[in-house]
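Colleague: In numbering that gives the first Met the number 0, the protein residues as written are 0 to 431. We put the beta carbon where it would ideally sit given N, CA and C, even for glycine. Owing to the predicted nature of the structure, the values given are computational and were not obtained by experimental measurement. Below are the structure tokens for one structure; questions will follow.
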Amino acid sequence: MIQKTRCIPDGKKELKKLPIDHHTEADYLYYPVTSARCPEGETCVRGGQFVKIGEVIGTRKGAFFEQPMHATVSGEVVGNEKHVDQSGKIVDCLIVKNDFKYELHETIKDRTNEEIDALTKEEFVEIVKEAGLVGLGGSAFPTYIKLNTDDKIDVVLANGVECEPNLISDYGLMMTNPRAVVEGLIFAMKASGAKKGVIAIKKKYKEIAERLEFCIHEFSQYDISIAKVGNFYPQGWEIMTIKNALGIKIPQGVLLSKYGVLNFNVSTLASIFAAVRHRLPVLERYISLSGNGIHNKNFRARIGTLMTELIESAGGYKDIEIPKVLILGGPMMGTNVTQDDIVMTHTTTSLIVQNEEQLHEEPCIHCASCVYSCPVEIQPVQIMNAYKVRNKDILKQLEVNKCIECGLCSFVCPSKIHLTEYMRKAKSFASK
Ligand code: SF4
Ligand code: SF4
């Protein structure tokens with residue numbers, strides 16, 4: 000029987016051995032005025048104005064939420080320029096010239112334990128909203144909306160599984176700052192009223208378990224435990240993580256909170272910690288450059304840093320004559336981009352650069368591997384066929400909307416058909 004989860008080569012072993020370089024040399028920082036969830040936006044600063052770290056410089060506006068934009072360095076607002084964002088689109092960005100003083104805005108002040116203990120749920124939600132926090136695991140879903148549920152929450156799950164190959168951003172965070180994850184989890188438990196917290200990590204990451212356990216001991220008044228899950232893909236998909244870490248089966252499409260669960264990525268929890276304790280927005284992320292076309296390196300870099308700077312700092316491309324394939328994110332779920340002029344945003348954690356290989360799609364041999372492998376039990380090959388003839392009714396019957404774009408169907412296809420790309424297009428076509 001073909002498995003619906005797989006142990007796939009994850010490329011992380013070598014990346015984890017590389018040191019994490021704290022990149023603070025960016026002369027200019029670029030802040031997209033829009034995002035995939037917020038197609039409109041406006042700035043509230045003018046050219047020549049000096050801004051400080053944490054200062055609000057604009058607002059991104061979406062259909063159901065607004066996200067404040069914050070400066071991540073101190074310096075002068077010097078203009079606008081177009082760059083590529085996390086979704087691969089070219090967008091307008093506000094430019095701040097770094098003065099390298101890293102001055103904090105006057106609003107950035109630590110809260111005391113007493114102040115935090117006195118916070119109500121509504122105040123927690125407001126803090127998270129004002130910090131502009133979104134799901135840092137890649138979803139970019141507004142964190143305050145998740146936290147603001149009326150459902151009774153029994154358990155908050157900290158998802159540190161990070162199953163996508165080549166991604167070690169959460170790993171880097173848990174190794175260097177496990178305490179922020181644990182404290183962020185405690186704040187999310189306080190805000191939601193949950194009595195229990197569980198941190199899900201891969202069983203094989205013993206070093207992470209040790210560091211987290213060390214921190215958990217310090218907060219023994221809280222019921223927090225670690226759940227160790229297998230090294231399978233897509234183990235980090237929330238439905239699967241909850242099933243394996245908590246033993247709760249939640250049907251796809253149902254709000255997790257209806258089952259008493261809130262699920263946050265570990266980096267999101269660390270950002271909740273920074274917002275509540277320090278009144279800080281997300282300032283930095285861990286990011287890896289990997290692939291056979293580039294000198295591999297890990298960084299901790301400011302939101303707003305240009306990827307071209309990191310590429311240069313890593314030693315550049317190995318051979319600029321060879322055509323490259325650029326993937327933002329992991330190889331299974333990432334986005335192909337055509338230029339490296341990319342701005343680091345909240346959800347940027349990886350750039351993969353592969354020397355181009357000519358992979359020719361062969362005709363389908365009806366092996367059904369894609370069907371047996373699909374974790375949400377839909378039929379990729381049938382969906383592809385329905386999309387090719389643009390049959391919306393059949394696409395709906397085949398429940399294309401259930402696809403989580405995990406990439407497994409493409410991975411297993413012996414004919415090298417880009418099924419996931421068909422799934423993305425079919426989902427978009429069927430939803431119009
Ligand atoms: S990409 Fe979609 S269709 Fe393909 S295996 Fe994953 S969930 Fe199934
Ligand atoms: S895995 Fe590829 S070859 Fe096999 S049925 Fe699916 S599309 Fe066809």
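Report yes if the C-beta distance between Ile94 and Val77 is below 8 Å; otherwise report no.
Modeller: The count along the sequence shown starts at 1 and reaches residue 94 at position 95. The count along the sequence shown starts at 1 and reaches residue 77 at position 78. Yes, they are a contact pair.
Colleague: Could you have a look at Arg110 and say whether DSSP puts it in helix, strand or coil?
Modeller: Position 111 of the sequence shown, counted from the first residue, corresponds to residue 110. Coil at Arg110, not helix or strand.
Colleague: Whose CA, out of Ser86, Phe123, His69, Gly47, lies closest to the CA of Ile341?
Modeller: Reading the sequence shown from its first residue, position 342 is the one you call residue 341. Residue Ser86 is the option with its Cα nearest to Ile341.
Colleague: Exposed or buried, what is His359 when buried is set at 16 or more other beta-carbons lying within 10 Å of its beta-carbon?
Modeller: Along the sequence shown, read from residue 1 onward, the residue named residue 359 stands at position 360. So His359 counts as exposed.
Colleague: Thinking C-beta only, is Asn295 closer than 8 Å to Leu118?
Modeller: For this step, residue 118 is matched to residue 119 along the sequence shown. For this step, residue 295 is matched to residue 296 along the sequence shown. Not closer than 8 Å, so no.
Colleague: Please report how far the alpha carbon of Val133 lies from the alpha carbon of Thr142, in whole angstroms.
Modeller: Stepping through the sequence shown from its first residue, residue 133 is reached at position 134. Stepping through the sequence shown from its first residue, residue 142 is reached at position 143. Taking the straight line joining both Cα atoms gives about 5 Å.
Colleague: Which residues does DSSP list as the beta-bridge partners of Phe263?
Modeller: Position 264 of the sequence shown, counted from the start, is the residue given in the question as residue 263. Paired residue(s): Ala157.
Colleague: Once DSSP output is grouped into helix, strand and coil, what is the label at Ser73?
Modeller: Here the question's residue 73 lines up with position 74 in the sequence shown. Residue state, collapsed to three classes: coil.
Colleague: Going by the CB atoms, is the gap between Ile7 and Tyr204 shorter than 8 Å?
Modeller: As a working mapping, residue 204 is identified with position 205 in the sequence shown. As a working mapping, residue 7 is identified with position 8 in the sequence shown. No, the Cβ-Cβ distance between Tyr204 and Ile7 is not below 8 Å.
Colleague: Among all residues, which have a Cβ less than 7 Å from at least one non-hydrogen atom of ligand 2, and in what chain order do they fall?
Modeller: Going by the Cβ distance cut-off, the answer is Cys363, Ile364, His365, Cys366, Ala367, Ser368, Cys369, Val370, Pro379, Val380, Met383, Cys408, Val411, Cys412, Pro413, Ser414, Ile416, Leu418.
Colleague: With a Cβ-Cβ cutoff of 8 Å, do Tyr29 and Glu80 count as a contact?
Modeller: The residue given as residue 29 occupies position 30 in the sequence shown. The residue given as residue 80 occupies position 81 in the sequence shown. A contact, by the Cβ cut-off of 8 Å.
Colleague: Which residue's Cα is closest to the Cα of Ser432: His69, Val375, Trp236, Ala425?
Modeller: As shown, the chain starts at 0 and ends at 431. That puts residue 432 outside it, with no answer to give.
Colleague: Can you give me the C-alpha to C-alpha distance between Val336 and Val265, rounded to a whole angstrom?
Modeller: Within the sequence shown, residue 336 is the residue found at index 337, counting from 1. Within the sequence shown, residue 265 is the residue found at index 266, counting from 1. The straight-line gap from Cα to Cα measures roughly 27 Å.
Colleague: Does the region 273–283 touch the region 192–201, meaning 3 or more C-beta pairs lie closer than 8 Å?
Modeller: Because the criterion of three Cβ pairs below 8 Å is not met, the region 192–201 and the region 273–283 do not touch.
Colleague: Considering Cα atoms alone, identify which of Leu350, Cys402, Asp20, Lys108 is closest to Gly292.
Modeller: Against the sequence shown, residue 292 aligns to sequence position 293. Ranking Leu350, Cys402, Asp20, Lys108 by Cα distance to Gly292 puts Leu350 first.
Colleague: Counting C-beta neighbours from all protein chains within 10 Å, is the total for Asn112 16 or more, i.e. buried, or is it exposed?
Modeller: In the sequence shown, residue 112 corresponds to position 113, counting from 1. Result: exposed.
Colleague: Any heavy atom of ligand 1 closer than 7 Å to the Cβ of Gly406?
Modeller: Within the sequence shown, the letter at position 407 stands for residue 406. Correct: Gly406 has its Cβ closer than 7 Å to ligand 1.
Colleague: Give me the Cα-Cα distance between Met0 and Ser270, rounded to the nearest whole angstrom.
Modeller: Taking the first residue of the sequence shown as 1, we reach residue 0 at position 1. Taking the first residue of the sequence shown as 1, we reach residue 270 at position 271. For Met0, the predicted structure reports a pLDDT of 44, less than 50, and the residue's modelled location is therefore unreliable. A value from the coordinates is still provided. Straight-line Cα distance between these residues: approximately 41 Å.
Colleague: Give the list of continuous beta strand (DSSP E) stretches no shorter than 3 residues that lie fully inside the region 295–329.
Modeller: As far as the region 295–329 is concerned, its whole beta strand (DSSP E) runs of at least 3 residues are 296–301, 323–327.
Colleague: Check for me: the beta strand (DSSP E) holding Val370 runs from which residue to which?
Modeller: Here the question's residue 370 lines up with position 371 in the sequence shown. No beta strand (DSSP E) holds Val370; the alpha helix (DSSP H) holding it covers 368–372.
Colleague: Following a CB-centred definition, is Ile403 positioned closer than 7 Å to any heavy atom of ligand 1?
Modeller: On the sequence shown, residue 403 is found 404 positions in, with the first residue counted as 1. Indeed, a heavy atom of ligand 1 lies less than 7 Å from the Cβ.
Colleague: Have a look at Ile107, Ala429, Gly183 and flag the residue whose alpha-carbon is nearest the alpha-carbon of Phe123.
Modeller: Position 124 of the sequence shown, counting from 1, holds the residue named residue 123. Answer by Cα proximity: Gly183.
Colleague: Please determine, among Phe49, Val154, Arg110, the residue with the shortest C-alpha to C-alpha distance to Asn97.
Modeller: Here residue 97 refers to the residue found at position 98 of the sequence shown. Checked all of Phe49, Val154, Arg110; the closest Cα to Asn97 is Phe49.
Colleague: What number of angstroms, rounded off, separates the C-alpha of Cys43 from the C-alpha of Glu361?
Modeller: Within the sequence shown, numbered from 1, the residue matching residue 43 stands at position 44. Within the sequence shown, numbered from 1, the residue matching residue 361 stands at position 362. Using only the alpha carbons, I get a separation of about 53 Å.
Colleague: Tell me the DSSP bridge mates of Leu103?
Modeller: In the sequence shown, counting from the first residue as 1, residue 103 sits at position 104. Partner(s): Ile52.
Colleague: Roughly how many angstroms lie between the CA atoms of Glu13 and Tyr170, to the nearest whole one?
Modeller: As a position in the sequence shown, residue 13 is number 14, starting the count at 1. As a position in the sequence shown, residue 170 is number 171, starting the count at 1. Those two C-alpha atoms are separated by around 13 Å.
Colleague: Does the beta carbon of Ile302 fall short of 7 Å from some heavy atom of ligand 1?
Modeller: Reading the sequence shown from its first residue, position 303 is the one you call residue 302. Result no, Cβ not under 7 Å from ligand 1.
Colleague: Below 7 Å CB to CB, which residues in the same chain sit around Tyr101 once its five sequence neighbours on both sides are set aside?
Modeller: Stepping through the sequence shown from its first residue, residue 101 is reached at position 102. Taken in chain order, the residues that qualify are Ile52, Val72, Ser73.
Colleague: Do Asn165 and Gly61 have their C-beta atoms closer together than 8 Å?
Modeller: Position 166 of the sequence shown, counted from the first residue, corresponds to residue 165. Position 62 of the sequence shown, counted from the first residue, corresponds to residue 61. Not in contact: Asn165 and Gly61 (Cβ atoms no closer than 8 Å).
Colleague: For ligand 1, is there a heavy atom less than 7 Å away from the beta-carbon of Val72?
Modeller: Within the sequence shown, residue 72 is the residue found at index 73, counting from 1. Flag unset: Cβ of Val72 not near ligand 1.
Colleague: Is Pro67 near ligand 1, in the sense that its beta carbon is under 7 Å from a heavy atom of that ligand?
Modeller: Position 68 of the sequence shown, counted from the first residue, corresponds to residue 67. No, the beta carbon of Pro67 sits no closer than 7 Å to any heavy atom of ligand 1.
Colleague: What do you reckon, is the C-beta of Pro374 under 7 Å from a heavy atom of ligand 4?
Modeller: This structure does not include ligand 4; its bound ligands are ligand 1 and ligand 2.
Colleague: May I ask you to list the residues that DSSP assigns as paired with Cys43?
Modeller: To locate residue 43, count along the sequence shown from 1; it is residue 44. Looking at the DSSP assignment, Cys43 forms no beta bridge with any residue, so it has no partner.
Colleague: Looking at the secondary structure, which residues open and close the alpha helix (DSSP H) in which Glu237 lies?
Modeller: Counted from its first residue, the sequence shown places residue 237 at position 238. From DSSP, the alpha helix (DSSP H) with Glu237 extends over 237–245.
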